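A quick write-up on the structure given underneath.
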Amino acid sequence: MLDIGSMTPEEIAVRLTEMGQPAYRAGQIFRWIHSGTGSFDKMTDLPAALRQELEKKFVIYSIKIDKKLVSPGDNTVKYLYRLHDGETVESVVMHYKHGSSVCISSQVGCKMGCGFCATGLGGFTRNLTASEMLAQIMAAKKDLSIDINHAVLMGMGEPLDNFEALSRFLTLVSHPQGLAISRRHISVSTCGLVDGIYKLMETKPQCTLSVSLHAPDDELRSRLMPVNRRWNIKELLDACRRFTKETGRRVSFEYALIKDLNDAEEQAVRLAALLRGMKAHLNLIPMNAVKETPYRKSDRKRIMCFFKVLTNAGINVTIRRTLGADIGASCGQLRGKSPNNTDI
Ligand code: SAH
Ligand code: SF4
């Protein structure tokens with residue numbers, strides 16, 4: 138069975154022609170699927186015989202809301218979705234002044250093993266298809282009856298480790314007959330897969346690249362993030378500079394402040410030196426403590442001091458609003474608590 142939700146209208150048209158059907162139906166089918174229609178039955182402007190044919194050849198991977206938590210503080214909504222094979226992934230919808238943004242997952246679990254991350258602790262199960270990434274946005278849109286105009290791949294999984302599906306997702310999510318979210322409003326977050334950054338750059342993605350840095354030196358970064366043993370900070374920052382040069386898009390760095398580990402003034406000085414001269418934005422995030430790990434959130438005083446050092450050094454830096462911290466909105470935290478989840 139073909140996963141029709143991961144296909145472009147052109148690819149659907151080729152299949153229709155093979156089936157002896159008119160190619161123009163592809164646009165209709167594409168619009169139905171990308172407006173969240175989960176079955177061919179409901180595509181009422183298609184002939185009944187065609188709908189039956191489609192059912193035999195194609196599958197629409199829909200997802201179900203398994204759990205939903207709304208943060209009383211800021212209306213951030215966190216979903217645990219159940220996929221067609223029973224696996225679960227998380228998404229978070231955040232509301233800003235400029236509209237609503239959804240944070241989606243790209244894999245069930247993750248291979249990268251970052252020591253502070255709830256997803257990393259659970260290991261890897263499988264890649265998501267492009268259609269499963271899109272379905273997370275469609276389901277949230279439908280459930281909340283809102284328009285979603287920004288998407289970040291910062292949920293569970295490492296998007297650059299699922300490159301083929303990521304490329305398809307970027308094509309489909311921005312398609313004018315689909316969700317039509319501008320690629321400029323999409324951020325791809327990576328722990329630092331340097332080969333993936335170069336590959337992404339070659340596709341002229343027009344999206345923002347977000348890099349999880351979390352340490353100002355290789356010794357500490359390798360301890361926190363095993364990927365740093367494969368590509369060190371210099372190689373990573375070289376790739377980021379190239380990305381900006383080739384695409385014109387600035388890179389955004391994420392730095393989660395961990396109590397007494399990466400939050401000292403001297404480390405802020407080192408971080409400033411690394412980022413000086415780059416067309417970059419730095420996001421400081423208070424660590425969302427995961428129970429099973431030894432890492433805890435920095436004190437407010439240390440966060441402010443860290444921030445000040447970077448600002449004074451001329452770095453474009455913000456402290457990220459911790460949306461939905463009261464509902465465990467850090468990746469992997471809700472899934473870890475799901476009673477139906479057997480693999481964590
Ligand atoms: N795999 C990608 C994207 C998913 S993780 C990546 O690592 O970038 C999304 C972001 O959440 C990353 O910046 C990651 O470092 C961060 N993160 C993971 N666990 C966290 C935690 N417990 N507290 C704060 N940020 C965390
Ligand atoms: Fe994977 Fe990102 Fe978590 Fe690291 S932080 S384990 S790369 S999801």
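According to our numbering, the sequence shown is numbered sequentially starting from 138.
Every residue, glycine too, gets a C-beta built ideally from N, C-alpha and C.
Please read all numbers here as calculations on a predicted model, not as lab measurements.
Contact annotation, M293 with C251: C-beta distance approximately 12 Å; criterion of less than 8 Å not satisfied. DSSP places T455 inside the beta strand (DSSP E), whose first and last residues are V454 to I456. Under the three-state reduction of DSSP output, S143 falls in the helix class. In the DSSP secondary-structure assignment, M231 is bridged to S238.
By the Cβ-count criterion, M138 is exposed, with fewer than 16 other Cβ atoms from all chains shown falling within 10 Å of its own Cβ.
Cβ atoms of A376 and I334 come within 8 Å of each other, at about 4 Å.
In this structure, DSSP gives R320 a helical state, which the three-state scheme calls helix. With a beta-carbon spacing of about 14 Å, V289 and C328 fall beyond the 8 Å limit used to define contacts. R358 has no beta-bridge partner at all, per DSSP. In terms of Cα proximity to T262, the closest of P159, L394, S243 and A276 is S243. Below 8 Å, enough C-beta pairs join the region 384-403 and the region 433-444 to call them touching: three or more. Contact between the region 338-352 and the region 308-321 is present: 3 or more CB-CB pairs across the two stretches fall below 8 Å. For the pair I149 and F306, the Cα-to-Cα distance works out to about 16 Å. With 5 Å as the limit, the residues whose C-beta approaches a heavy atom of ligand 2 more closely than that are C247, M249, C251, C254, T256, G257, E295 and C328, in chain order.
The region 364-390 contains, as complete alpha helix (DSSP H) runs of 4+ residues, the segments 370-384 (chain order).
Of the candidates L153, I202 and S282, the residue whose Cα lies closest to the Cα of V226 is I202.
Excluding sequence positions up to five before and after D400, its CB lies within less than 6 Å of the CB of L394, S435, R439 and F443, all in the same chain and listed in chain order.
In the structure shown, T154 falls within a helical segment according to DSSP collapsed to helix, strand and coil.
By the neighbour-count criterion, in which 16 or more other beta carbons inside 10 Å mark a residue as buried, Y218 falls on the buried side. Counting every other CB atom within 10 Å of its CB across the protein chains shown gives V229 a total of 16 or more, marking it as buried.
The alpha carbon of G236 has as its nearest neighbour, out of E224, V196 and I283, the alpha carbon of I283.
Secondary-structure assignment with DSSP links L394 through a beta bridge to P423. Membership of Q165 in the alpha helix (DSSP H) is indicated by the continuous run R162 to H171.
A distance criterion of 6 Å places the beta-carbon of E227 beyond contact range of ligand 1, judged by its closest non-hydrogen atom. In the DSSP assignment, K204 falls within the beta strand (DSSP E) that extends over K201 to V207.
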